[in-house]
Amino acid sequence: MALNQQKRPTGAYATARTKCRRDRSRPETCEWSGPGHICAPALVQLAGERGYDAITVGDIAGLAMVNRATFYRHYEDKEDLAVDVLAEAIEEVGKFTPVRPGWAGGDELAELASRIAGAERLFQHFAEHHRMYQPLLGYPRNRRFMIRARELLSGGIAERIDTAEPDPDQARMPMTLIPVFATELFLGMVAWWLDRSLPYPPRQMADWSIRFLFYGYFGALGLDHLLPDDTAT
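Quick note on numbering: the sequence shown equals residues 1 to 233 in the UniProt record's numbering.
Below, the structure written as structure tokens:
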């Protein structure tokens, strides 16, 4: 199908397109106000219909009604655009799970519930757009999407660790390693989940991932009673 014959975005995607028309007099060359304001919805819609690997920059530009030159002024390729989709999702989750300074000394159960709710939103996002994320999360670690995904997630985790005001002298591993570990665990769980066609609901995956981070390996196995009273080395 020719690009100018592709069906136009619907629902939320039509809203994005309308906003651009309202903001600019020439939508075919418009500079969107936010990252991927027009092209990201087109990427998400096309990936859902055909799968990520089956679509091209030309397909995205055609559905978004922008020319390819405009696309390439903002993005290197569709993988670069996919990073923006993930970044926006992470930002939205952050709005619903605000960082509360010093929470380590507060209500731990409330904090746990808040973290699970935030993770659930991310798992819901991955589930909704699984045809885009499944191939991306299967890419080699040195691919741009994987590098940026780790940066986005680990940066947010590091910020939350800082606001918890931990004592570095009491930490049992390097502080800079903790967000790296948590990020790799989370991305690994998402990839495993998508590869198996989402065998568990987002809430369950969120609960498992956050509880593992809160209580660790022995806690996840139900073997807390085997932990020594003092695990410091």
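The beta carbon of each residue, even a glycine, is placed where N, CA and C say it ideally should be.
Cβ-based burial, residue i [other Cβ within 10 Å; buried from 16]
| i | result |
| --- | --- |
| GLY188 | exposed |
| residue 246 | With the chain represented from 1 up to 233, any question about residue 246 goes unanswered, as that position is not in the structure. |
| GLU159 | exposed |
| MET146 | buried |
| GLN134 | buried |
| GLN170 | exposed |
| ALA82 | buried |
| TYR72 | exposed |
| ARG121 | buried |
| LEU185 | exposed |
| LEU177 | exposed |
| ASP53 | exposed |
Residues of its chain near residue i, where Cβ-Cβ distance is below 8 Å and the 5 sequence neighbours each way are ignored
| i | result |
| --- | --- |
| MET175 | ILE161, PRO166 and PRO168 |
| SER154 | PRO179, VAL180, ALA182 and THR183 |
| PRO140 | MET146 |
| ILE55 | LEU43, LEU46, ALA47 and LYS78 |
| ASP224 | TYR215 and PHE218 |
| GLY138 | ALA191 and ASP195 |
Separation of residue j from residue i, as counted between CA atoms
| i | j | result |
| --- | --- | --- |
| GLN218 | ILE38 | A small fix is needed here, since residue 218 is Phe in this sequence, not Gln. So the two alpha carbons sit approximately 46 Å from each other. |
| ALA113 | ILE90 | 18 Å |
| MET205 | ILE116 | 9 Å |
| VAL93 | PHE126 | 12 Å |
| THR70 | ALA42 | 14 Å |
| HIS74 | ARG172 | 43 Å |
| ARG144 | VAL85 | 14 Å |
| ARG203 | ALA40 | 26 Å |
| ILE157 | ALA64 | 33 Å |
| ILE210 | ALA164 | 16 Å |
| PHE96 | ARG50 | 31 Å |
| ASP59 | LEU136 | 18 Å |
| LEU109 | ASP207 | 13 Å |
Own chain residues within Cβ distance below 7 Å of residue i, not counting five before or after
| i | result |
| --- | --- |
| ASP77 | VAL57 |
| GLY118 | VAL93, PHE96 and THR97 |
| ASP80 | ARG144 |
Close Cβ partners of residue i (< 6 Å) along its chain, the five nearest in sequence each way excluded
| i | result |
| --- | --- |
| ALA220 | PHE212 |
| TRP193 | MET205 |
| ALA87 | LEU152 |
| ARG150 | THR183 |
| ARG148 | VAL83 |
| GLY222 | none |
Should the stretch 185-199 be regarded as contacting the stretch 125-136, the criterion being three or more beta carbon pairs within less than 8 Å?
yes
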